[in-house]
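Chemist: Numbering (full-length UniProt numbering), first residue to last: 1 to 169.
A virtual CB, placed ideally from N, CA and C, is assigned to each residue, including glycine.
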């Protein structure tokens, strides 16, 4: 071997001499550096959805809980007062949204664990089981809300129809 060849030779240690901590880095490099990338992305999306649902639930509860209006009926002495606590359905809505918000606050740490350890199955399974307990309730409530919006649209059509009928007289 000439002196030129000896100067460019690089010594590579045996694979058995690689420390244990570096073995996971080497394994990640073999898989294109994507060890847990998909699972971490799903976990981050899960966290963001939980955060958005928490904000939405608390906004819905706060909006309903602070709704109050007084309208004069014929004269100032006869007034119609409406508040969320006049109807048990609205009270239930505020309480249910509070419970959903509380559940979402308690589930956020488990969602963070899924981000930090994307390969961990236990926290993800726990979130799955706990999320399923609200499934039937959410489907029924969603149907009720849609039916309520349909009723509101029908009232809008009725008001417009009455206004048009009065205008023609």
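1) If you drop the 5 nearest sequence neighbours on each side, which residues of the same chain put their C-beta closer than 8 Å to that of residue 91?
2) According to the Cβ coordinates, are residue 142 and residue 50 closer than 9 Å?
3) Using a Cβ-Cβ cut-off of 7 Å (strictly less than) and excluding sequence neighbours within five positions of residue 30, which residues of its own chain qualify?
4) Return the bridge partner residues of residue 73 from the DSSP annotation.
5) Beta-carbon within less than 7 Å of residue 79's beta-carbon, same chain only, minus the 5 sequence neighbours each way: which residues are those?
6) If we ignore side chains and look at the alpha-carbon of each, how far apart do residue 115 and residue 82 end up?
7) Grab the span of the alpha helix (DSSP H) containing residue 39 for me, first residue to last.
8) Output the distance between the C-alpha atoms of residue 54 and residue 167, rounded to the nearest integer angstrom.
9) Which ranges does the alpha helix (DSSP H) cover as unbroken runs of at least 4 residues, wholly within the stretch 123-154, from first to last along the chain?
Modeler: Quick look at the numbers:
1) Counting from one through the chain shown, the residue named residue 91 turns up at place 91. Excluding positions up to five away in sequence, the list reads 84, 85.
2) Your numbering for residue 142 matches position 142 in the chain shown. Your numbering for residue 50 matches position 50 in the chain shown. For residue 142 and residue 50, no; Cβs fall outside 9 Å.
3) Numbered from its first residue, the chain shown carries residue 30 at position 30. Residue confidence for residue 30 is low, a pLDDT of 46 falling below 50, so the modelled location carries little weight and cannot support an answer.
4) Residue mapping note: residue 73 aligns to position 73 of the chain shown, counting from 1. DSSP, once it has assigned bridges, lists 75 as partnering residue 73.
5) Here residue 79 is taken as the residue at index 79 of the chain shown, counted from 1. Take residue 79, set aside five residues on each side of it, and the residues of its chain with a beta-carbon closer than 7 Å to its own are 70, 71, 72, 73, in chain order.
6) In the chain shown, the residue the question calls residue 115 occupies position 115. In the chain shown, the residue the question calls residue 82 occupies position 82. If I take the Cα positions, the gap works out to 45 Å.
7) Taking the chain shown and counting its residues from 1, the one referred to as residue 39 is at position 39. Start and end: 37-65.
8) The residue you call residue 54 lines up with position 54 of the chain shown. The residue you call residue 167 lines up with position 167 of the chain shown. Cα to Cα, residue 54 sits roughly 46 Å from residue 167.
9) none
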